[in-house]
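This report concerns only the one structure given below.
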Amino acid sequence: MNSPLLSHLAEKMAQRHEQHRIRQLITRDGAQDVLVRVAGETLINFSSNDYLNLANHPLVKEAAVASVQREGLGAGASHLISGHSTTHAALEVALAEFLDAPQVMVFSSGYLANLALLTTLFEKPDLIVQDKLNHASLIDAARFSNAQHRRYRHLDVASLQQQLKGNFRIKAVVTDGVFSMDGDCANVAEYLALPELSQQPVIVDDAHGIGVMGKRGAGTCEALSHEFRERLIVMGTLGKALGAAGAFVAGSTDLIAALQQFARPYIYTTALAPAVAAGATAAIRCLMRETGWVAQLHDNIAYFKRCAAQADLSLLPSNSAIQPLLVGGESECMALAKGLWQNGFWVGAIRPPTVAAGACRLRITITREHSRAQIERLVSAIAAQMSNVSVE
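The working numbering puts the first residue of the sequence shown at 169, with every later residue one more than the last.
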């Protein structure tokens with residue numbers, strides 16, 4: 169006889185099966201790259217967040233290997249016990265320089281960084297207002313905090329202003345910089361300029377903006393004036409365009425000092441492996457040196473959009489590396505992704521509960537090293553598959 173826990177889980181799994189929404193784990197063999205191997209097949213990868221193709225870059229790998237030789241694999245402790253090494257410190261210095269930020273703190277993951285921010289900074293007298301399409305980690309973190317929590321319509325400033333009404337000690341706006349499923353960007357400068365937010369913080373999860381947006385790749389907040397930056401808190405990840413793993417928070421020295429003292433997700437977890445920190449530092453130095461990389465990525469994004477327009481593919485409006493093709497129905501979306509796989513392309517099919525019902529999409533991600541021929545072949549394959557599938 170099953171225990172109450174196993175019975176409950178069985179019911180949830182049965183419901184997921186009935187909905188045809190079981191997630192499948194696909195195991196890649198070898199490096200994350202433009203060409204990947206899965207179960208003996210070679211696929212052109214349009215599903216990766218490795219936007220600058222740094223995960224397999226020789227200098228990044230060399231830095232990680234050298235770190236292992238020098239200091240072993242794991243950190244062996246949390247940052248505040250004995251896990252914080254000169255390698256972590258060097259990464260934080262490199263990030264602060266790259267982002268033009270007063271100070272940076274490194275975390276083991278983006279989820280932990282967002283959890284640390286919202287549960288540490290805000291309490292019962294405070295209000296957190298965030299975009300309805302924010303990443304799940306931000307939604308969870310706000311729920312775990314003791315603050316009041318409201319959500320505004322996606323990118324809708326009037327809705328944001330409405331949700332900011334009321335008397336609270338602190339009113340914080342929280343937004344993705346680049347939205348992970350739509351690819352569009354928040355107008356952070358507009359939020360910071362709102363009179364309702366005078367002297368109040370704006371927190372930006374720029375996981376998909378770092379390395380992609382801004383002339384230098386410093387993210388969606390790169391061009392903000394220092395007047396605004398005093399109220400700006402940026403969370404970014406190291407595992408997307410920078411090709412490593414982990415995350416960081418950039419902000420004032422007072423903010424970082426407070427997180428170091430009070431952020432439970434920082435205090436009570438093992439520090440990032442030094443080898444990963446070394447690889448991330450090398451990736452940042454590469455990006456700072458190779459000033460044309462971001463432009464190359466955007467050339468590929470623009471070329472994909474032109475090819476898609478010529479093929480009458482209706483993409484969602486996005487200038488980021490995330491280029492969603494709205495399909496609508498779940499079965500149609502899965503059929504499209506399967507057909508593309510059979511033609512040698514790995515493209516992510518996104519369906520509920522990640523997106524709303526009726527908003528299923530192909531989440532096409534463009535990287536710096538995709539060739540124009542690969543982009544052309546992908547667009548042709550999508551157009552051919554869509555002619556075989558009834559798209560809602």
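Cβ coordinates follow ideal geometry from the N, Cα and C atoms, glycine included.
Using the DSSP secondary-structure output, state which residues sit across from residue i in a beta bridge.
i    : result
N213 : W514
C353 : V346
G377 : None; G377 has no bridge partner.
L571 : Because the chain spans 169 through 560 in this model, residue 571 falls outside it and cannot be assessed.
V204 : L211
D197 : R205
L493 : L483 and L530
Q271 : G419
S235 : S235 is not bridged to any residue.
Rounded to whole angstroms, what is the Cα-Cα separation between residue i and residue j?
i    : j    : result
G516 : S486 : 17 angstroms
T533 : R191 : 20 angstroms
K575 : V372 : Any question about residue 575 goes unanswered here, given that the chain covers just 169 to 560.
E364 : G242 : 46 angstroms
I550 : K473 : 13 angstroms
S482 : R531 : 13 angstroms
Q429 : S313 : 17 angstroms
C475 : S555 : 17 angstroms
Q491 : V523 : 15 angstroms
P270 : D480 : 46 angstroms
L193 : A207 : 12 angstroms
H538 : A470 : 12 angstroms
R529 : S216 : 16 angstroms
H466 : A505 : 24 angstroms
G198 : R337 : 51 angstroms
L323 : Q329 : 11 angstroms
D422 : V297 : 23 angstroms
A231 : A443 : 7 angstroms
V202 : W514 : 10 angstroms
Q510 : I543 : 17 angstroms
H176 : Q187 : 17 angstroms
F214 : E179 : 35 angstroms
G497 : T459 : 41 angstroms
D268 : S235 : 26 angstroms
S548 : V557 : 14 angstroms
P563 : A431 : The shown model of the chain, from 169 to 560, leaves out residue 563, and the question about it has no answer.
Hey, residue i and residue j are a contact pair by Cβ (cut 8 angstroms); roughly how many whole angstroms apart?
i    : j    : result
T438 : A245 : 7 angstroms
L295 : Q316 : 5 angstroms
D299 : D344 : 7 angstroms
S253 : E239 : 6 angstroms
Put residue i into one of helix, strand or coil per three-state DSSP.
i    : result
A418 : strand
V370 : strand
K180 : helix
L220 : coil
I534 : coil
L285 : helix
T449 : helix
G404 : strand
T438 : strand
S327 : helix
S488 : coil
S171 : coil
S539 : coil
S246 : strand
N556 : helix
H188 : coil
S276 : coil
F266 : helix
Determine whether the beta carbon atoms of residue i and residue j lie at a separation below 9 angstroms.
i    : j    : result
Q368 : R399 : yes
I212 : G507 : no
S488 : C353 : yes
A386 : A357 : no
N224 : G411 : yes
L546 : F266 : no
A451 : A415 : no
P325 : L362 : This sequence places Val at residue 325; Pro is not what is there. Cβ distance < 9 angstroms, so V325 and L362 count as in contact.
Y359 : V346 : no
I435 : H256 : no
G278 : G379 : no
P433 : L280 : yes
V462 : F275 : no
A446 : L259 : yes
R189 : P520 : yes
A340 : L289 : yes
A309 : N282 : yes
A409 : Y219 : yes
K427 : M273 : Checking the displayed sequence, the identity of residue 427 turns out to be Leu instead of Lys. Cβ atoms of L427 and M273: closer than 9 angstroms.
N221 : R536 : yes
G404 : L263 : yes
R205 : R196 : yes
H303 : S348 : yes
A575 : Q464 : Outside the shown range of the chain, which is 169 to 560, sits residue 575, and nothing can be said about it.
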